[in-house]
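**Q**
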Amino acid sequence: MPQGQPSVVPEDGLTTRQRRNRPLVVVHTGVGKGKSTAAFGLALRAWNQGWPIGVFQFVKSAKWKVGEENALKVLGASGQGGTVDWHKMGEGWSWVQRDLDNSTNEEKAREGWEQVKRDLAAETYRLYVLDEFAYPMHWGWVDTDEVVEVLRNRPGTQHVVITGRNAPERLVDFADLVTDMSKVKHPMDVGQKGQKGIEW
Numbered sequence: 027m028p029q030g031q032p033s034v035v036p037e038d039g040l041t042t043r044q045r046r047n048r049p050l051v052v053v054h055t056g057v058g059k060g061k062s063t064a065a066f067g068l069a070l071r072a073w074n075q076g077w078p079i080g081v082f083q084f085v086k087s088a089k090w091k092v093g094e095e096n097a098l099k100v101l102g103a104s105g106q107g108g109t110v111d112w113h114k115m116g117e118g119w120s121w122v123q124r125d126l127d128n129s130t131n132e133e134k135a136r137e138g139w140e141q142v143k144r145d146l147a148a149e150t151y152r153l154y155v156l157d158e159f160a161y162p163m164h165w166g167w168v169d170t171d172e173v174v175e176v177l178r179n180r181p182g183t184q185h186v187v188i189t190g191r192n193a194p195e196r197l198v199d200f201a202d203l204v205t206d207m208s209k210v211k212h213p214m215d216v217g218q219k220g221q222k223g224i225e226w
């Protein structure tokens, strides 16, 4: 593995090993494809390490059968790596089509966040994938300042990955690792809809 040289060494009193193993908040944002895909790639690595994983989908429909869900559930039940729990909060809305007047969606998002808070307090998982969670914060359904404070004060060694467009600046400033996925080209630009094996 190549050895990187840090541009700044923080004066936090931690040893190199302590700093290396501290839990991270990761944000995948931007208009490009691949934010959730990258988060599920991290979940595969966590599974391989034997970590318990909690996936919380905040936007995608509870009826939508995504390939990552099936694959990670099978792996989680195999007994060879970590466990996987999958929670769906969405009612079938997305960033493309949604009814902002539908209070049910907002309520589901808040319920999902309350569950995440309970699990963080109980240290239920080692890796949390909060898929599309940037949207409820961007729309004001979940308070970003509260999210940052809860994540700042989470106990133990719990890693949290948040995906979604328009991640609030406060969250981006707080996070340890932020990737902004930009779009260069997409099949949708020329009218091609999503397809099996690529989008789900």
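Note that our numbering numbers the sequence shown so that position 175 is 201, with each residue one more than the last. Glycine included, every Cβ here is placed at the ideal spot set by N, Cα and C. Computed from a predicted structure; not experimentally measured.
Between Arg-45 and the rest of its own chain, which residues show a CB-CB distance below 8 Å, the 5 nearest in sequence each way excluded?
**A** For Arg-45, where only same-chain residues beyond five positions count, the Cβ hits under 8 Å are Pro-36 and Asp-38.
**Q** Ignoring anything shorter than 3 residues, give me the beta strand (DSSP E) runs that lie fully in the region 190-214, in order along the chain.
**A** The qualifying runs are 203-206.
**Q** Give me, in chain order, the residues of the same chain whose beta-carbon lies closer than 8 Å to that of Phe-200; leave out the 5 immediate sequence neighbours on both sides.
**A** Answer for Phe-200: Val-51, Val-174, Leu-177 and Arg-178, listed in chain order.
**Q** Just the Cα atoms here: how many angstroms apart are Ser-120 and Thr-41?
**A** Confidence is the limiting factor: at Ser-120 the pLDDT is only 45, short of 50, which leaves the residue's position unreliable, though a coordinate-based value still follows. Their backbone Cα atoms lie some 43 Å apart in a straight line.
**Q** Helix, strand or coil for Leu-227? Go by DSSP, reduced to three states.
**A** In this structure the chain extends from 27 to 226, so residue 227 is not present and cannot be described.
**Q** For Val-53, is the classification buried or exposed, using 16 other Cβ atoms within 10 angstroms of its Cβ as the cut-off for buried?
**A** With 16 or more Cβ atoms within 10 Å of its Cβ, Val-53 is classed as buried.
**Q** Count the other CB atoms, across all protein chains shown, that sit within 10 Å of the CB of Asn-47; report buried if there are 16 or more and exposed otherwise.
**A** The residue in question, Asn-47, is exposed, as its Cβ has fewer than 16 Cβ neighbours within 10 Å.
**Q** Is it true that the CB of Met-163 sits closer than 9 Å to the CB of Asp-169?
**A** Cβ distance < 9 Å, so Asp-169 and Met-163 count as in contact.
**Q** Taking DSSP as the reference, what is the three-state secondary structure of Gln-31?
**A** The answer is coil: DSSP assigns Gln-31 none of H, G, I, E or B.
**Q** When you compare only the Cα positions, how much space is there between Lys-109 and Lys-219?
**A** Just to set this straight, residue 109 is Thr in the shown sequence, not Lys. Near 33 Å, if we compare the C-alpha coordinates of Lys-219 and Thr-109.
**Q** Within this structure, are the beta carbons of Ala-193 and Ala-160 separated by less than 9 Å?
**A** Yes. Within cutoff.
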